[in-house]
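Remarks on the structure that follows.
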Amino acid sequence: MEVDVFRRRGLSLLLAICFFGVIGVLHAENRVLAEVRFVAHSSAEKNAGVWVDGQYVGFVKELNGDKKMLLLPGKHEIVVRQAWYKDYVEQALLEPGEVHTVNLSLEKDTRMSVSAATVELKISATPNRAAVFVDDQFAGHVDEFDGPGKAMLLTPGQHRLRIALPGYLPFETVLNVRAHQKLKIQTELAKGSISEAGTLVTEE
8 MEVDVFRRRG LSLLLAICFF GVIGVLHAEN RVLAEVRFVA HSSAEKNAGV
58 WVDGQYVGFV KELNGDKKML LLPGKHEIVV RQAWYKDYVE QALLEPGEVH
108 TVNLSLEKDT RMSVSAATVE LKISATPNRA AVFVDDQFAG HVDEFDGPGK
158 AMLLTPGQHR LRIALPGYLP FETVLNVRAH QKLKIQTELA KGSISEAGTL
208 VTEE
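In structure tokens:
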């Protein structure tokens, strides 16, 4: 009986050591990593896409909580993009455990005019947080172009459309659109599979 009790106590102690050991490792990792936080002042800034060292990581308003952005210490290029605005670019040198704040102030790109953009494109895709690119330029994320009163404006002609999100296969297509045309694209991105996601392009 005494041996059995001893074994149980020993096992409990071992589990406790392992448990607190794991917690210690997690806390140590958090102390090593640097956190990047964004301060956005407008809807355009909140919905802007974020790239780190050339990789798309999400849009501003979702990068918090369990999706907060943690980076290894060192130098990183942080780029924030939004359609019709100039890119925000910052070279950040992050220290271990640092909380780095990016105070956004996006400027309108006066070289671009929306007056010629008369084509309306609606996009319904899963996941709806996927990024949308038109002619290799970031245009926003799916949720911005899905639902009542929401649509992307395009100029007449040919455009390359790409919907992408890390961890999923991208959807790509080429559109040939006319002035004042209305289109809708529906697709579901395939996750971790080589099979193609079903797609549908319809004219309204």
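Counting from 1 along the sequence shown, just add 7 to a position and that's the residue number in this note's numbering.
Ideal placement from N, C-alpha and C gives every residue a C-beta, glycine not left out.
Query	Result
Whole-angstrom distance between Ala90 and Glu52, CA atom to CA atom	10 Å
First through last residue of the beta strand (DSSP E) which encompasses Lys53	Counting along the chain, Lys53 falls outside any beta strand (DSSP E), though it belongs to the alpha helix (DSSP H) covering Ser50 to Lys53.
From His48, Ala47, Pro103 and Met159, residue whose alpha carbon lies closest to that of Val39	Pro103
Distance between Tyr92 and Thr117 (C-alpha atoms, nearest Å)	8 Å
Buried versus exposed call for His148 [16 or more other C-beta atoms within 10 Å across all chains shown]	buried
Inter-residue spacing [alpha-carbon to alpha-carbon] between Arg136 and Gln62	15 Å
Separation of Val46 from Gly213, as counted between CA atoms	The structure shown does not extend to residue 213, since the chain spans only 8 to 211, so no value can be given for it.
CA-to-CA distance, Tyr175 to Asn110, given in whole angstroms	30 Å
Touch test, the region 176-184 against the region 66-78, Cβ-Cβ under 8 Å, three pairs minimum	no
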